[in-house]
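Engineer: Below is a structure I'd like to ask you about.
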Amino acid sequence: MVSTSLRFHILFTGNPWAQSWANIKDIVMDDPYFNGYKGSDITEELHNQNYNVFKILTEAENFFVSLGFPKLPSSFWEKSIFLRPPGVDLNCHPSAWNLHNYDVRMKMCATIDEKNFITVHHEMGHVEYYLMYEYLPYIFQKGANQGFHEAIGDVVGLNVQTHSHMKKIGLLTMEKDKNVPRKVQNMAHLLHIALEKIAFLPYGYLVDKYRWDVLKGKIRPENLNEAWWAMKNQYQGMAPPVDRTEKDFDPAAKYHISADSKYIVYFVSHVLQFQIYKGLCMEAGQYNPSSQHVWLSECDIYGHSGAGQKFREMMAYGASQPWTEPLHAVTGSRSLDARPLLEYFKPLYKWLKETNKKNNVTVGWGPVPSNPMKAPL
Ligand code: X8Z
Ligand code: ZN
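Written out as structure tokens, the structure is:
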């Protein structure tokens, strides 16, 4: 395992913001437990099977349909932008749009890879939510809160990445996967999701904390970049790859900061989505917390109409009630609760604790250095 006593270099995470570490999966998995196995590779499968963006979109739609959602209106297919239009200077950050009266659209410039496979499900979650609350008075045609809006597609994304679902849709066919014990495959999957979702949490938290501190005057205009790197150091254990100064303004490299778009909603979503996922899995009879045999991370609710009904019920509340009510409808709880997230990752947490102990790895990193803008390498 990688020692976390190191402060990571931002490029080393394979993502310019270090918001996902999934791109260093092969490095992190360099442990005898995996015996050379690097996990399943959706990108390679998509290419081998000549996937195009419409096939990915249809798979995503089909998942919702299997849960009892209606098919998407034809205007969605006609009016959305799925691919980068040639010769047009377009803001390609993936987004979903509600033009109301069942005119819902997506805008993205998809490429055929795992990241976009997941992003299509994320954006479709927004679109399905718009359709579910369209029947309500206009003022209630919103998510229960914006964290809910960000969570819907991710709940489906968690599901489609399971071993059983990937098999169902024919995206897990490789020879290299066949001889790997199921438990090792499940652990690889869990580690992959952790590199995506757990690595995201400190980032999802700091983006708006930074902006709030700027607005409060706690961060002064003369220290805008230094304060950014101090936070990246403190919460993410990240350092810049090359020396930075106040002449740079690195926060603006993030779309949501330049576009003045809220970010804490993704942090909320990353807690909430595990609550919703667990609630739906239990409703579908696909997960039982008292059984150690089936991990929550392997639950597949595809085709389970009861779970689909709960999911739709939650979404159909729109903003007509406080967010605690739709949450209660699907989870039985009225508060944001990180325990389902911990439950989801429990087998990985246990494995990491044992493996780190075996390898004498010290977890954590030191205090923020006096000049957080200095590249350590
Ligand atoms: O911006 C997005 C979505 C559009 S709502 C693609 N996300 C955040 C990001 O890319 O930084 C999803 C996860 C976090
Ligand atoms: Zn979104």
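Each number in this note's numbering comes from the position in the sequence shown (counting from 1) with 34 added on. Here a beta-carbon is modelled for each residue, glycine too, at the ideal position from N, C-alpha and C.
Name the one or two DSSP bridge partners that SER369 has.
Structural biologist: Bridge partners of SER369: none, in fact.
Engineer: Just to confirm my understanding: we take GLU95, look at its own chain, exclude 5 residues before and 5 after, and list those with CB closer than 8 Å. What are they?
Structural biologist: So the qualifying residues of the chain are LYS105, LEU106, MET158.
Engineer: Is there at least one Cβ from chain C nearer than 8 Å to ASP247's Cβ?
Structural biologist: Here there is only one protein chain, and chain C is not present.
Engineer: For the ligand ZN, is there any heavy atom lying closer than 7 Å to the beta carbon of GLU260?
Structural biologist: Outside the cutoff, so no.
Engineer: Which word fits ILE90, buried or exposed, when buried means at least 16 other C-beta atoms lie within 10 angstroms of its C-beta?
Structural biologist: Buried, since its Cβ has 16 or more Cβ neighbours within 10 Å.
Engineer: Which whole runs of the alpha helix (DSSP H) in the region 38–96 are 4 residues long or more, in chain order?
Structural biologist: For the region 38–96, whole alpha helix (DSSP H) runs of length 4 or above, ordered along the chain, are 59–62, 76–82.
Engineer: Quick one: using the 10 Å Cβ neighbour count with 16 as the cut-off for buried, is PHE42 buried or exposed?
Structural biologist: Flag for PHE42 reads buried.
Engineer: Residues bridged to ASN394 by DSSP?
Structural biologist: ASN394 pairs with nothing; no bridge assigned.
Engineer: With the cut-off set at 8 Å, would you say PHE379 and ILE232 are in Cβ contact?
Structural biologist: Yes, the Cβ-Cβ distance between PHE379 and ILE232 is below 8 Å.
Engineer: Please report the straight-line C-alpha distance between VAL27 and PRO215, rounded to a whole angstrom.
Structural biologist: Given that the chain is displayed from residue 35 to residue 411, the structure contains no residue 27 and the question cannot be resolved.
Engineer: For TRP131, report the span of its beta strand (DSSP E) as first-last.
Structural biologist: Run containing TRP131: 129–132, per the beta strand (DSSP E) assignment.
Engineer: Over what stretch of residues does the beta strand (DSSP E) that includes ARG278 continue unbroken?
Structural biologist: It is not in any beta strand (DSSP E) - ARG278 carries neither H nor E in the DSSP assignment.
Engineer: At what residue ranges does the region 101–186 contain a whole run of the alpha helix (DSSP H), taking only runs of 4 or more?
Structural biologist: 108–113, 148–167, all fully within the region 101–186.
Engineer: So TYR172 packs on MET349, CB below 8 Å; how close in whole Å?
Structural biologist: Actually they are not in contact, since the Cβ atoms of TYR172 and MET349 sit about 17 Å apart, beyond 8 Å.
Engineer: Which residue's Cα is closest to the Cα of ASN135: HIS199, SER114, GLU148, LEU165?
Structural biologist: Considering only alpha carbons, the answer is LEU165.
Engineer: Determine the DSSP secondary structure at ALA273, reduced to helix, strand or coil.
Structural biologist: Note: ALA273 maps to strand in three-state DSSP.
Engineer: With a Cβ-Cβ cutoff of 8 Å, do TRP55 and LYS288 count as a contact?
Structural biologist: Result no, Cβ atoms of TRP55 and LYS288 do not sit closer than 8 Å.
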